[in-house]
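Residue numbers (numbering that gives the first Met the number 0), protein chains in the order written: chain A, 0 to 309; chain B, 0 to 494. To start, the structure under review is shown below, and the notes come after it.
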Amino acid sequence: MAPLTIRSETPQTATDAADLLRAAADDATAVRIEGAGTKPWGHPGADCALRLHTGALDRIVEHNEGDLTAVLQPGVSLAELDATLARADQMLALDPPLGAGATATIGGAIAAADSGPLRHRYGAPRDLVLGVSVALSDGTIAKAGGKVIKNVAGYDLAKLFCGSFGTLGLIVELAVRLHPRPRAHATATGTTDDPALLARAASLIAHGSLELQSLDVRWRNALGMVLARFGGAAAAEQAAAALPPKRASTMPSALRQRTSSDCSSSFACASRPAAAASCAGSSVVAVAAGRGCSRTAISVMSPSVPNEPL
Amino acid sequence: MATSQLPTPEAVLAPPTPALLERLRAACGRDHVYTDADQLRTYESDGLLQYRSTPGVVVLPGSASEVRDVVRACSDAGVPWVARGAGSGLSGGALPVAQGVLIALTRMRAVLDVDLPNQRIVVQPGVTNSEISAAVGPTHFYPPDPSSQIVCSIGGNVAENSGGAHCFKYGFTTNYVTGLEIVLADGEVVTLGGKELDHPGYDLLGTFVGSEGTLGICTSVTLRVIPVPEAIKTMVAFFDSTSAAGEAVSEIVSGGVIPGAIEMMDQLTIQAAEQAVGAGFPTDVGAALIVELDGSLVECEACFDDVVAICERNGSLSIRIARDEADRTLIWRTRKAAFAAMGRIAPNYYVQDGVIPRTKLPEVLARIAELSEQYGMRVANVFHAGDGNLHPLVLYDGESEAERAEELAGAIVEACVDAGGSITGEHGVGVDKKRYMPRMFGEPDLAAFQMLRCAFDPRGLANPGKVMPTPRLCGEVPGPYRRHPLERDGVAERF
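Here is the structure:
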């Protein structure tokens, strides 16, 4: 069999994209859509003769600060979007791994329904997308939803496209809901080498009346850790309140009292050098009732640090 | 037998055949199949009373398998059907097809599974919204809380993607449904999702929620529930204008606080509600703004004073902080009585549902005031201030004014769309808002909706005549002409 000739196209407009898709449909050419190519598991099994790149559809079309919404083209990089929104003290509450070079795009994150620790409080991509415009294989551009947070007009096709891995069309524009960026963060952690205790601790925190930004559990090198992150004006107090003495008996036994203002792994400092002010608001609080801790360092898992395994 | 036209409430169907009635009786039992004229008239309308249509037969299945048998009987006979929960909807979504089958889910009221360790509850569609929170209380609750929650059914909530006062912070029905058992229009039973948060494949769950009963009928709903907040702090601030109150909302939200609920009432609404509830709200102010913070105690306390300060900075005339649970209940009763209380200041009212970007509130309210003067009818406004969902209440007197009131309500919806909003925030499109769909969606958009609908129900038997502005047959494919590969290869020709 002759080797497949692969053609790459980078549509400059939504109409270009729609035209390319229709032409491909006419020729029965398989199409693969690519953002920054950070999610190889999203690629179809079969070879595709046409690769459509979203790199030229990379504008932040609207940022409606007062309404906490934004309209984006698919090629917008999540890292750059976050930097832009941070300037207005806002965020898109979506923190999936960004791939090597932190190049992951919003289109890819939505198409793969990728998410990170912030999923705990803010939901998956489907819960953040307000509306989509999509280029379909018949050459039309269809939209569903809108730009407002509350909307039940028509069918919710935006949800269908979240997690559709580019199999239904190319997302050419999407509207997302934003959230205020918490003024400060604090993470309470606990470690143990007993998996059952780890599970109980995580469950206890999950069922409490705490408003966690994120609740993660990791197991690495035969040691487990629960990470409970809080955000808001009273983040540190919330974190401290998460581990009152009365819970000590059900908490992991190997804990250590430590307050750290080590910012080197915090989100705010990692991506932007001029973020000293926001660094001061971040602290790691590991509250302990410890006797004899066999562990040493507690690292802060920052979900936006690329390639950081959790 | 099946007609060749897509059945709509406007089309004329023959009454149900004896054969169909027998199958329905075999499915649900003779006692649960109604054909008596008086019984049928009970179901001729939902909460939107201006639309009435008498079904040919009403069936009340008691289980998922009975629903399946009913739907299959309808499919075999080619007869359209409409599902109905509590019939409290405000867009005519449960309006029967004349002479068609009306499937009432009111007998299916069982709570099937309460799984608090996994924060899930599984219920039949006839369970009411407030029964859900009651079943998982006092430690957990179910946040989407439409004002009709005491009567509305969860199946109806799923169909409409219902919201409520707390949805700005907590989200809508679609953010809480993790699983559904659905009967498709051909009688096939499909399970989507389950208790897990994530499922592989397409988000058909998300597509079904809010589809207004046009893609199938759900017979079991799995919902996520969450722990009750540690603390709740409620206040109501009074302003001399809705704009001032709107400014306060913007400042509160941009300051990083997401209140559990944030509701605005204008002067007319306050006056009516005060007459009904007597909570002591001043009746000479321009607006009341209820702000409720909930969440962790320390965070609530840290933010509450800021919120009070913001209201004062934006010119609040007075602020009432709820002293205790009873006071908080009184404040909320005033808000929730708003619609019903309209009866105290006008003989009739027409409630509208529109959404606007929150920042457009002053201009849209100004436009509403303009329209109100133009039509010579008062409009009271209740506003979910956080998410921009506006409920203008057009007040009128008697049948002679009804049509103009509806016209005014329609002009308000157009103003919402012009401001970048939506024709419906929570009540749905149903019958009532079909004609506005083309204001929001162009032909390619409607074609995509139709493609979805046909994928689920190619014969158009599930709640026809709702949502889509004009009836279409599946198989009509608007759009550019597409050559078949055989045509392209010169093997075949189209005539």
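Virtual Cβ for every residue (Gly too), placed ideally from N, Cα, C. All figures in this text were calculated on a predicted structure; none of them were measured in a lab.
Open item on the list: With three or more C-beta pairs closer than 8 Å as the rule, is the segment 260-276 of chain B touching the segment 160-168 of chain B?
Closed with: The count of Cβ pairs closer than 8 Å, one atom from the segment 160-168 of chain B and one from the segment 260-276 of chain B, reaches three, so the stretches are in contact.
TODO: Drop a sphere of 10 angstroms on the beta-carbon of B/L499, count the other beta-carbons inside from all chains shown, and report buried for 16 or more, exposed for fewer.
DONE: The question about residue 499 of chain B has no answer here: the residues shown for chain B are numbered 0 through 494.
Open item on the list: On the CB-based measure, 16 or more other CB atoms within 10 Å of its CB, does B/P116 come out buried or exposed?
Closed with: Exposed.
- [ ] Under the assumption that A/D66 contacts B/P356 (Cβ atoms under 8 Å), give the Cβ distance between them as a whole number of angstroms.
- [x] Taking 8 Å as the upper bound for CB-CB distance, A/D66 and B/P356 are in contact here, some 4 Å apart.
Open item on the list: Can you confirm whether A/G280, when its beta carbon is compared against all beta carbons of chain B, has any partner nearer than 7 Å?
Closed with: For A/G280, the predicted structure reports a pLDDT of 26, less than 50, and the residue's modelled location is therefore unreliable. A value from the coordinates is still provided. For A/G280, the answer is no, since every Cβ of chain B falls outside 7 Å of its Cβ.
Task: Contacts around B/R24, its chain only, beta-carbon distance under 7 Å, and the 5 residues preceding and following it disregarded - done: Taking B/R24 as the centre and dropping the five residues before and after it, the same chain places the C-beta of V32 closer than 7 Å to its C-beta, in chain order.
Open item on the list: Can you list, in chain order, the residues of its chain with a C-beta nearer than 7 Å to that of B/C217? Leave out the 5 residues immediately preceding and following it.
Closed with: Listed in chain order, the non-local C-beta contacts of B/C217 below 7 Å within the same chain comprise P124, G154, V157, L179, E180, I181, local neighbours out to five positions each way being set aside.
Task: CB contact flag (A/A85, A/L117, <7 Å) - done: Going by beta carbons, A/A85 and A/L117 fall outside the 7 Å limit.
Open item on the list: Just to confirm the assignment, what range does the beta strand (DSSP E) spanning A/I140 have?
Closed with: For A/I140, the enclosing beta strand (DSSP E) has its first and last residue at 140-144.
TODO: Measure how close the beta-carbons of B/V430 and B/S90 come, nearest whole angstrom, since I'm counting them as under 8 Å.
DONE: Contact holds; Cβ gap of about 7 Å.
Task: Straight-line gap, A/A227 to B/T173 (C-alpha atoms, nearest Å) - done: Straight-line measurement puts the Cα of B/T173 at about 26 Å from the Cα of A/A227.
Open item on the list: Which of the three DSSP states is assigned to B/C27 in this structure?
Closed with: Note: B/C27 maps to helix in three-state DSSP.
Open item on the list: For B/T53 and B/T469, I'd like the C-alpha separation in whole angstroms.
Closed with: Roughly 21 Å between the two C-alpha positions.
TODO: List the residues of chain A whose Cβ lies closer than 8 Å to the Cβ of B/T423, in chain order.
DONE: Result: N150, V151, A152.
Open item on the list: My assumption, with CB atoms under 8 Å, is that B/L214 sits in contact with B/A461. Please give the rounded CB distance.
Closed with: Confirmed, about 6 Å.
TODO: Return the residues of the segment 227-245 of chain B that lie within a Cβ-Cβ distance of less than 9 Å from chain A, sorted by chain order.
DONE: Residues of the segment 227-245 of chain B that bring their beta carbon within less than 9 Å of a beta carbon in chain A comprise V227, P228, E229, A230, in sequence order.
TODO: Output yes if chain B places a C-beta closer than 7 Å to the C-beta of A/Q237; else output no.
DONE: Yes, its Cβ sits closer than 7 Å to a Cβ of chain B.
Open item on the list: Need the endpoints of the alpha helix (DSSP H) that A/H184 sits in, please.
Closed with: Looking at the DSSP string, A/H184 is not in any alpha helix (DSSP H); the run it does join, the beta strand (DSSP E), is 184-191.
Task: Contact set for A/R120: own chain, Cβ-Cβ below 6 Å, skip 5 residues either direction - done: Here A/R120 has Q212 as same chain residues with Cβ atoms under 6 Å from its own Cβ, once five neighbours each way along the sequence are excluded.
- [ ] Could you tell me whether the Cβ of B/G427 comes closer than 7 Å to any Cβ of chain A?
- [x] Chain A has a Cβ within less than 7 Å of the Cβ of B/G427.
Task: Burial state of A/P179, where buried means 16 or more other Cβ atoms lie within 10 Å - done: By the 10 Å Cβ count, A/P179 comes out buried.
Open item on the list: Measuring straight from C-alpha to C-alpha, what distance separates B/D456 and B/F448?
Closed with: Near 12 Å, if we compare the C-alpha coordinates of B/F448 and B/D456.
Open item on the list: Rounded to the nearest angstrom, what separates B/V490 and A/R31 at their Cα positions?
Closed with: Across the structure, B/V490 and A/R31 are spaced so that their CA atoms are roughly 29 Å apart.
Open item on the list: Please report the straight-line C-alpha distance between A/A141 and B/T206, rounded to a whole angstrom.
Closed with: Cα to Cα, the separation comes out at about 16 Å.
Task: 7 Å Cβ cutoff met for B/F237 and B/P199 - done: For the 7 Å CB-CB criterion, B/F237 and B/P199 do not form a contact.
Task: Within-7 Å CB hit, A/A23 to chain B - done: Taking Cβ atoms only, chain B never reaches closer than 7 Å to A/A23, which makes this a no.
TODO: Using only alpha-carbon positions, find the residue among B/V350, B/L20, B/V58, B/N380 that is nearest to B/A286.
DONE: If you compare the alpha carbons of B/V350, B/L20, B/V58, B/N380 with that of B/A286, the shortest gap goes to B/N380.
Task: Residue from B/K232, B/V354, B/W331 with nearest C-alpha to B/L296 - done: Nearest neighbour of B/L296 by Cα position, chosen from B/K232, B/V354, B/W331, turns out to be B/K232.
Open item on the list: According to DSSP, simplified to helix, strand and coil, what is B/T268?
Closed with: DSSP, read as helix, strand or coil, puts B/T268 in helix.
TODO: Mark A/I170 as exposed unless 16 or more other C-beta atoms lie within 10 angstroms of its C-beta, in which case mark it buried.
DONE: By the neighbour-count rule (16 or more Cβ atoms within 10 Å), A/I170 is buried.
Task: Terminal residues of the alpha helix (DSSP H) in which B/V297 lies - done: Unbroken alpha helix (DSSP H) run through B/V297: 296-312.
Task: Rounded distance between the beta-carbons of A/A17 and A/T139, thought under 8 Å - done: A/T139 to A/A17, Cβ: 7 Å. Contact.
Task: Buried or exposed by the 16-neighbour rule on C-beta atoms within 10 Å, applied to A/C262 - done: In this prediction, A/C262 scores a pLDDT of 23, lower than 50, which makes its location untrustworthy; no coordinate-derived value is stated.
- [ ] Select from the segment 291-311 of chain B all residues with a C-beta closer than 7 Å to any C-beta belonging to chain A, and list them in chain order.
- [x] Of all residues in the segment 291-311 of chain B, those with a C-beta nearer than 7 Å to a C-beta of chain A are G294, S295, V297, E298, A301, C302, reading in chain order.
TODO: Mind listing the chain B neighbours of A/N316? Cutoff is C-beta to C-beta under 8 Å, in chain order.
DONE: Because chain A in this structure spans residues 0 to 309, residue 316 of chain A falls outside the shown range and cannot be described.
Task: Unbroken beta strand (DSSP E) run spanning A/R228, endpoints - done: Going by DSSP, A/R228 is part of the beta strand (DSSP E) stretching over 222-230.
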